[in-house]
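Only one structure is covered here, and it is reproduced in the block below.
Chains as they are written, first to last, in the numbering used here: chain A, 2 to 118; chain B, 424 to 536.
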């Protein structure tokens, strides 16, 4: 149980275009989902926390107009990188916190590698 | 805000030896400390966690110790095997939050056969 699916796993796009990444909890309801960015050989940097049906909470320094987050249902959150530029190239990974069991535990998706040309 | 420091950044051990990774945190209100293992190209997976009401927790070859006074916690892996090779991340929940984790910088563990 507690499987989180993230799609796509790899995306290449042109500078100026927008990219949407999906994060789904497959066998549980995720009241809270988290979006992280991970640079090569570096840690997971929390970008934002999204709760179903409400606006996401962004970490300091993360542009909310650049990284649009939508958590429309208890099983789906999306991250849209708008007007992507080469500096947005990174590994984006989501996680979900379930509605049962230990509340702190986060289950991670497999990540999305974004390359902006 | 919470700051989590992790050491060492890389660790190489011989198969069968023990490995220890240490983390310190800054927020005394933190009360949940998980450890995640991330193999190359794969997602982070929770391997063990500890809450502030206990000082030690063990699961087979893996153990975690917590010193609340000093605000540090450690991951101990005994009888290491090549499949233990991965990046390990510690984390802590800032202000005792139930919905947020701040991660350490990661430790690349290489177990030499």
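From the three backbone atoms N, C-alpha and C, an ideal C-beta is built for every residue, glycine too.
**Asked** Any Cβ of chain A within less than 8 angstroms of the Cβ of residue 431 of chain B?
**Response** For residue 431 of chain B, the answer is no, since every Cβ of chain A falls outside 8 angstroms of its Cβ.
**Request:** Quick one: list the residues of chain B neighbouring residue 40 of chain A, beta-carbon separation under 8 angstroms, in chain order.
**Result:** Listed along chain B is no residue with a C-beta nearer than 8 angstroms to that of residue 40 of chain A; the closest approach is about 11 angstroms.
**Item:** Contact set for residue 39 of chain A: own chain, Cβ-Cβ below 8 angstroms, skip 5 residues either direction
**Value:** Closer than 8 angstroms at Cβ, skipping near neighbours: 45, 46, 91, 92, 93, 94 and 112.
**Item:** Own chain, CB closer than 6 angstroms to residue 510 of chain B, minus 5 neighbours either side, in chain order
**Value:** Within the same chain, Cβ atoms closer than 6 angstroms to the Cβ of residue 510 of chain B are found at 461, 529 and 531, the five residues on either side in sequence being excluded.
**Request:** Show which residues of chain B have a CB atom less than 8 angstroms away from the CB atom of residue 111 of chain A.
**Result:** What residue 111 of chain A touches in chain B: 465 and 466.
**Neighbour-count burial assignment, residue 484 of chain B, 16 or more Cβ in a 10 Å radius** = It counts as exposed.
**Message:** Using 8 angstroms as the threshold, is the C-beta distance between residue 55 of chain A and residue 25 of chain A below it?
**Reply:** Result no, Cβ atoms of residue 55 of chain A and residue 25 of chain A do not sit closer than 8 angstroms.
**Request:** Could you pull the start and end residues of the beta strand (DSSP E) that residue 68 of chain A belongs to?
**Result:** Looking at the DSSP string, the run of the beta strand (DSSP E) that includes residue 68 of chain A is 68–74.
**Request:** Please confirm if residue 485 of chain B has its CB atom under 8 angstroms from at least one CB of chain A.
**Result:** No, residue 485 of chain B lies away from the interface with chain A (no Cβ there is under 8 angstroms from its Cβ).
**Asked** Is residue 457 of chain B helix, strand or coil when you go by DSSP?
**Response** The answer is strand: DSSP assigns residue 457 of chain B an E or B state.
**Asked** Which class does residue 89 of chain A belong to by DSSP, given the choice of helix, strand or coil?
**Response** Under the three-state reduction of DSSP output, residue 89 of chain A falls in the helix class.
**Prompt:** Are residue 83 of chain A and residue 71 of chain A touching if we call contact CB-CB under 8 angstroms?
**Reply:** Not closer than 8 angstroms, so no.
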